[in-house]
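As numbered in this note's numbering, the sequence shown has no gaps in its residue numbers, which increase by one up to the final residue, 81. What follows is a single structure, written as structure tokens, with notes after it.
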Amino acid sequence: MQQDNFKENTRYTITWRNASGQLQPANIYIYKLFASTMIARMTDKGGLLYKISYDDVTKIVKEVAVTAENQYRIPAAILDEKMWKDRTVMERYSSSPQMGK
-19 MQQDNFKENT
-9 RYTITWRNAS
1 GQLQPANIYI
11 YKLFASTMIA
21 RMTDKGGLLY
31 KISYDDVTKI
41 VKEVAVTAEN
51 QYRIPAAILD
61 EKMWKDRTVM
71 ERYSSSPQMG
81 K
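Written out as structure tokens, the structure reads:
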């Protein structure tokens, strides 16, 4: 896959290759796109953010755009590429203002 296959603030159901090399399904919410990776929350897991390489995604099963009032908010500094230089996972809670949190 390539960066052009994805959009920020969008939910996806994908098949991806995890760190141990196994293919598995995942539901993700994309916060930020970089040249070779993206920052996404696994919506079917806890509150962790992941840096996912486009090369690790083998298939997009479903794509759902998220309306502005339902978008999750995270400070821009957390999504800065420099912040993710040496990490692959980060714990960060966020919610949509629409959800009342």
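Beta carbons: idealized from backbone N, C-alpha and C, even for Gly. All values reported here derive from a predicted model rather than from experimental measurement.
Asked: Contact check, TYR(-8) vs LYS39, beta carbons under 8 Å; Found: no
Asked: Residues sharing a beta bridge with ILE8, DSSP; Found: TYR(-8), MET22
Asked: Coarse secondary structure for ALA45, derived from DSSP in three states; Found: strand
Asked: Element boundaries [beta strand (DSSP E), containing GLU71]; Found: 69 to 71
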